[in-house]
Amino acid sequence: MAESREHTFTGTRGRVTVREWPHDDPRYIALLCHGYGEHIGRYEYVADRLVRHGAAVYGPDHMGHGRSEGERVLIDDYEDVVTDVHTVEERARAEHPGVPVVLIGHSMGGMIAARYAQRYGSGLTALVLSGPVIGEWQVLTELLAYPEPPDTPIDPATLSRDLSVGAAYGEDPLVWHGPFKRRTLEALSSMLDTIRKSGTLGALPTLWIHGEDDQLVPPAGSRIGIEAARGTDFTERIYPAARHEVFNETNKDEVLDDVTTFLTRTLP
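Under the UniProt record's numbering, think of the first position of the sequence shown as 1, with each following residue one higher.
Printed below as a string of C-alpha coordinates:
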(Lines of atoms letter the chains of each structure in order from A; the text may use other names.)
(Lines give C-alpha, C1' and ligand atoms only; values in the text may rest on other atoms or scores of the structure.)
Protein backbone atom coordinates (compact mmCIF):
# COMPACT_ATOMS: atom_id res chain seq x y z
CA MET A 1 0.00 0.00 0.00
CA ALA A 2 1.05 3.58 -0.62
CA GLU A 3 2.64 5.34 2.34
CA SER A 4 0.57 7.99 4.10
CA ARG A 5 1.00 10.78 6.61
CA GLU A 6 -1.32 12.99 8.65
CA HIS A 7 -1.61 16.67 9.40
CA THR A 8 -4.23 18.76 11.20
CA PHE A 9 -5.74 22.20 10.73
CA THR A 10 -8.28 24.32 12.56
CA GLY A 11 -11.56 23.75 10.77
CA THR A 12 -14.89 25.51 11.09
CA ARG A 13 -15.76 23.61 14.28
CA GLY A 14 -12.42 22.45 15.69
CA ARG A 15 -9.33 20.51 14.70
CA VAL A 16 -9.62 18.42 11.54
CA THR A 17 -7.25 15.54 10.81
CA VAL A 18 -6.25 14.98 7.18
CA ARG A 19 -4.52 11.95 5.71
CA GLU A 20 -2.27 12.39 2.70
CA TRP A 21 -0.97 9.74 0.33
CA PRO A 22 1.82 11.70 -1.38
CA HIS A 23 3.11 11.49 -4.92
CA ASP A 24 6.39 13.13 -5.97
CA ASP A 25 5.14 14.23 -9.39
CA PRO A 26 1.36 13.88 -9.54
CA ARG A 27 -0.76 14.06 -12.69
CA TYR A 28 -3.65 15.17 -10.53
CA ILE A 29 -4.86 15.71 -6.95
CA ALA A 30 -7.62 13.43 -5.66
CA LEU A 31 -9.76 14.63 -2.76
CA LEU A 32 -11.64 11.88 -0.89
CA CYS A 33 -14.83 12.42 1.15
CA HIS A 34 -15.76 9.49 3.40
CA GLY A 35 -19.23 8.46 4.51
CA TYR A 36 -21.26 8.78 7.69
CA GLY A 37 -19.85 7.27 10.87
CA GLU A 38 -16.60 6.09 9.30
CA HIS A 39 -13.19 7.66 8.67
CA ILE A 40 -10.69 8.22 5.89
CA GLY A 41 -8.46 5.39 7.08
CA ARG A 42 -10.93 2.94 5.51
CA TYR A 43 -9.88 4.21 2.05
CA GLU A 44 -6.31 2.89 1.98
CA TYR A 45 -7.01 0.59 -0.97
CA VAL A 46 -8.71 3.34 -2.96
CA ALA A 47 -5.87 5.76 -2.25
CA ASP A 48 -3.27 3.18 -3.23
CA ARG A 49 -4.93 2.63 -6.61
CA LEU A 50 -5.15 6.37 -7.20
CA VAL A 51 -1.51 6.95 -6.26
CA ARG A 52 -0.47 4.22 -8.71
CA HIS A 53 -2.63 6.00 -11.30
CA GLY A 54 -0.62 9.18 -10.72
CA ALA A 55 -2.51 11.04 -7.99
CA ALA A 56 -1.52 12.80 -4.82
CA VAL A 57 -4.43 11.87 -2.53
CA TYR A 58 -5.88 13.87 0.36
CA GLY A 59 -8.82 13.09 2.60
CA PRO A 60 -10.06 14.58 5.89
CA ASP A 61 -11.87 12.92 8.74
CA HIS A 62 -15.00 15.08 8.77
CA MET A 63 -15.89 16.89 11.99
CA GLY A 64 -17.08 14.47 14.67
CA HIS A 65 -15.58 11.53 12.77
CA GLY A 66 -12.39 9.51 13.02
CA ARG A 67 -9.50 11.46 14.51
CA SER A 68 -11.07 14.90 14.06
CA GLU A 69 -12.52 16.89 16.94
CA GLY A 70 -16.19 17.27 17.75
CA GLU A 71 -18.98 15.32 19.38
CA ARG A 72 -19.19 11.99 17.60
CA VAL A 73 -21.19 12.11 14.34
CA LEU A 74 -22.69 15.48 15.23
CA ILE A 75 -22.92 17.86 12.26
CA ASP A 76 -25.10 20.94 12.62
CA ASP A 77 -24.46 22.35 9.14
CA TYR A 78 -22.99 20.42 6.23
CA GLU A 79 -21.90 23.65 4.60
CA ASP A 80 -19.20 23.74 7.29
CA VAL A 81 -17.98 20.31 6.19
CA VAL A 82 -17.82 21.52 2.59
CA THR A 83 -15.78 24.51 3.75
CA ASP A 84 -13.36 22.22 5.60
CA VAL A 85 -12.87 20.10 2.47
CA HIS A 86 -12.10 23.28 0.55
CA THR A 87 -9.36 24.06 3.07
CA VAL A 88 -7.87 20.65 2.27
CA GLU A 89 -8.01 21.48 -1.45
CA GLU A 90 -6.25 24.79 -0.87
CA ARG A 91 -3.38 23.06 0.94
CA ALA A 92 -3.13 20.44 -1.78
CA ARG A 93 -2.99 23.11 -4.48
CA ALA A 94 -0.31 24.99 -2.56
CA GLU A 95 1.80 21.82 -2.49
CA HIS A 96 1.13 21.02 -6.16
CA PRO A 97 0.54 24.28 -8.08
CA GLY A 98 -1.21 23.98 -11.40
CA VAL A 99 -2.18 20.32 -10.92
CA PRO A 100 -5.84 19.45 -11.72
CA VAL A 101 -8.14 18.39 -8.88
CA VAL A 102 -10.76 15.64 -8.83
CA LEU A 103 -13.25 14.96 -6.04
CA ILE A 104 -14.49 11.51 -5.00
CA GLY A 105 -17.23 11.12 -2.39
CA HIS A 106 -18.95 8.05 -0.98
CA SER A 107 -22.42 7.88 0.65
CA MET A 108 -22.74 10.93 2.93
CA GLY A 109 -19.45 11.96 1.37
CA GLY A 110 -21.18 11.81 -2.01
CA MET A 111 -23.69 14.36 -0.77
CA ILE A 112 -20.85 16.55 0.51
CA ALA A 113 -19.06 16.18 -2.83
CA ALA A 114 -22.17 17.11 -4.82
CA ARG A 115 -22.63 20.28 -2.78
CA TYR A 116 -18.90 20.99 -3.04
CA ALA A 117 -19.18 20.80 -6.82
CA GLN A 118 -22.03 23.30 -6.72
CA ARG A 119 -19.96 25.72 -4.63
CA TYR A 120 -16.46 25.12 -5.99
CA GLY A 121 -16.98 23.17 -9.20
CA SER A 122 -15.17 25.73 -11.34
CA GLY A 123 -11.93 24.52 -9.78
CA LEU A 124 -12.59 20.81 -10.33
CA THR A 125 -11.66 18.67 -13.30
CA ALA A 126 -13.94 15.72 -12.42
CA LEU A 127 -16.41 14.42 -9.84
CA VAL A 128 -17.07 10.83 -8.74
CA LEU A 129 -20.15 10.04 -6.64
CA SER A 130 -20.22 6.58 -5.03
CA GLY A 131 -23.53 5.41 -3.54
CA PRO A 132 -24.35 9.06 -2.77
CA VAL A 133 -27.00 10.18 -0.30
CA ILE A 134 -28.72 12.54 -2.70
CA GLY A 135 -32.29 12.95 -3.87
CA GLU A 136 -34.62 10.91 -1.66
CA TRP A 137 -33.34 8.77 1.21
CA GLN A 138 -36.13 6.83 2.89
CA VAL A 139 -34.03 6.11 5.99
CA LEU A 140 -33.87 9.83 6.69
CA THR A 141 -37.64 10.22 6.53
CA GLU A 142 -38.15 7.23 8.82
CA LEU A 143 -35.64 8.38 11.44
CA LEU A 144 -36.88 11.98 11.53
CA ALA A 145 -40.31 10.67 12.52
CA TYR A 146 -38.86 10.01 16.01
CA PRO A 147 -38.11 12.78 18.54
CA GLU A 148 -34.88 10.89 19.22
CA PRO A 149 -33.71 8.44 16.55
CA PRO A 150 -33.74 4.80 17.67
CA ASP A 151 -30.49 2.90 18.05
CA THR A 152 -30.61 0.79 14.90
CA PRO A 153 -27.01 -0.13 14.03
CA ILE A 154 -25.96 -0.70 10.44
CA ASP A 155 -25.95 -4.37 9.53
CA PRO A 156 -22.31 -4.94 8.48
CA ALA A 157 -23.46 -7.53 5.94
CA THR A 158 -25.08 -4.75 3.90
CA LEU A 159 -21.70 -3.13 3.21
CA SER A 160 -20.17 -5.73 0.89
CA ARG A 161 -20.47 -9.29 -0.34
CA ASP A 162 -16.97 -9.67 1.10
CA LEU A 163 -18.06 -10.33 4.67
CA SER A 164 -14.58 -9.57 6.02
CA VAL A 165 -15.33 -5.91 5.20
CA GLY A 166 -18.31 -5.89 7.54
CA ALA A 167 -16.37 -7.74 10.23
CA ALA A 168 -13.55 -5.18 10.14
CA TYR A 169 -16.10 -2.35 10.19
CA GLY A 170 -17.74 -3.82 13.29
CA GLU A 171 -14.42 -4.03 15.13
CA ASP A 172 -13.05 -0.63 14.07
CA PRO A 173 -12.82 1.68 17.13
CA LEU A 174 -12.84 4.79 14.93
CA VAL A 175 -16.20 3.83 13.38
CA TRP A 176 -19.33 5.11 15.14
CA HIS A 177 -21.61 2.23 16.10
CA GLY A 178 -24.29 4.19 17.96
CA PRO A 179 -27.51 5.91 16.84
CA PHE A 180 -27.88 8.92 14.57
CA LYS A 181 -28.05 12.34 16.24
CA ARG A 182 -31.27 14.16 15.40
CA ARG A 183 -29.41 17.42 14.70
CA THR A 184 -27.24 15.59 12.18
CA LEU A 185 -30.31 14.18 10.46
CA GLU A 186 -31.91 17.62 10.31
CA ALA A 187 -28.71 19.07 8.84
CA LEU A 188 -28.59 16.25 6.30
CA SER A 189 -32.19 16.91 5.28
CA SER A 190 -31.43 20.62 4.92
CA MET A 191 -28.40 19.87 2.73
CA LEU A 192 -30.41 17.59 0.43
CA ASP A 193 -32.91 20.42 0.01
CA THR A 194 -30.10 22.90 -0.71
CA ILE A 195 -28.62 20.62 -3.39
CA ARG A 196 -32.06 20.25 -5.01
CA LYS A 197 -32.44 24.03 -5.21
CA SER A 198 -28.91 24.86 -6.36
CA GLY A 199 -28.91 23.83 -9.98
CA THR A 200 -27.01 21.36 -12.10
CA LEU A 201 -23.32 20.49 -12.25
CA GLY A 202 -23.03 22.08 -15.68
CA ALA A 203 -20.16 20.82 -17.81
CA LEU A 204 -18.26 19.18 -14.90
CA PRO A 205 -17.49 15.56 -15.93
CA THR A 206 -19.34 13.39 -13.41
CA LEU A 207 -19.28 9.63 -12.78
CA TRP A 208 -22.03 8.03 -10.69
CA ILE A 209 -21.27 4.53 -9.36
CA HIS A 210 -23.68 2.50 -7.24
CA GLY A 211 -24.32 -1.05 -6.09
CA GLU A 212 -27.53 -2.48 -7.53
CA ASP A 213 -28.22 -4.26 -4.21
CA ASP A 214 -27.40 -1.26 -2.01
CA GLN A 215 -29.89 -1.57 0.86
CA LEU A 216 -28.46 1.32 2.88
CA VAL A 217 -28.74 3.95 0.13
CA PRO A 218 -30.93 2.38 -2.57
CA PRO A 219 -30.01 3.57 -6.06
CA ALA A 220 -33.61 4.46 -6.96
CA GLY A 221 -33.67 7.27 -4.37
CA SER A 222 -30.25 8.54 -5.38
CA ARG A 223 -31.24 8.55 -9.05
CA ILE A 224 -33.85 11.22 -8.32
CA GLY A 225 -31.14 13.56 -7.04
CA ILE A 226 -28.66 12.56 -9.74
CA GLU A 227 -31.13 13.29 -12.53
CA ALA A 228 -31.86 16.71 -11.04
CA ALA A 229 -28.19 17.69 -10.59
CA ARG A 230 -26.41 15.98 -13.48
CA GLY A 231 -24.80 18.16 -16.08
CA THR A 232 -23.87 17.68 -19.72
CA ASP A 233 -20.94 15.26 -19.18
CA PHE A 234 -22.36 12.37 -17.19
CA THR A 235 -21.53 8.66 -16.89
CA GLU A 236 -23.13 6.03 -14.67
CA ARG A 237 -22.17 2.51 -13.61
CA ILE A 238 -24.60 0.36 -11.62
CA TYR A 239 -22.93 -2.87 -10.52
CA PRO A 240 -25.17 -5.98 -10.46
CA ALA A 241 -25.61 -7.54 -6.99
CA ALA A 242 -23.10 -5.12 -5.42
CA ARG A 243 -23.89 -3.66 -2.01
CA HIS A 244 -23.26 -0.24 -0.48
CA GLU A 245 -19.47 0.04 -0.39
CA VAL A 246 -18.53 -0.56 -4.01
CA PHE A 247 -14.93 0.42 -3.23
CA ASN A 248 -14.82 -2.54 -0.83
CA GLU A 249 -16.86 -4.97 -2.91
CA THR A 250 -15.76 -8.30 -4.37
CA ASN A 251 -15.42 -6.50 -7.72
CA LYS A 252 -13.63 -3.45 -6.29
CA ASP A 253 -10.86 -3.68 -8.89
CA GLU A 254 -13.46 -3.44 -11.68
CA VAL A 255 -14.96 -0.42 -9.93
CA LEU A 256 -11.61 1.30 -9.53
CA ASP A 257 -10.70 0.48 -13.13
CA ASP A 258 -13.88 2.30 -14.17
CA VAL A 259 -12.96 5.26 -11.96
CA THR A 260 -9.40 5.56 -13.25
CA THR A 261 -10.55 5.13 -16.88
CA PHE A 262 -13.05 7.94 -16.36
CA LEU A 263 -10.39 10.14 -14.77
CA THR A 264 -7.92 9.46 -17.58
CA ARG A 265 -10.54 10.67 -20.06
CA THR A 266 -11.19 13.87 -18.13
CA LEU A 267 -7.65 14.85 -17.21
CA PRO A 268 -6.00 17.45 -19.44
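Note that the Cβ used here is the ideal one computed from N, Cα and C, for glycine as well.
The DSSP-derived three-state label of Phe180 is coil. Of Thr206, Arg265, Glu186 and Gly64, the smallest CA-CA separation from Tyr36 is found for Gly64. Taking the C-beta atoms as reference points, Arg237 is found no nearer than 7 angstroms to Asp257.
DSSP places Val217 outside both helix and strand once states are collapsed to three, so it counts as coil. DSSP, read as helix, strand or coil, puts Pro132 in coil. Of all C-beta pairs linking the stretch 202-213 to the stretch 178-193, fewer than three are shorter than 8 angstroms, placing the two stretches out of contact. By the CB criterion at 7 angstroms, Thr250 and Asp162 fall inside the cutoff. By the C-beta criterion, the stretch 49-62 is judged to be in contact with the stretch 16-32, since at least 3 inter-stretch pairs fall below 8 angstroms.
Gly41 is the residue among Gly41, Thr8 and Thr17 whose C-alpha sits nearest the C-alpha of Ala2. Note that the stretch 196-204 does not touch the stretch 73-87; fewer than 3 beta-carbon pairs, one per stretch, sit closer than 8 angstroms.
The C-alpha of Leu188 lies about 15 angstroms from the C-alpha of Glu148.
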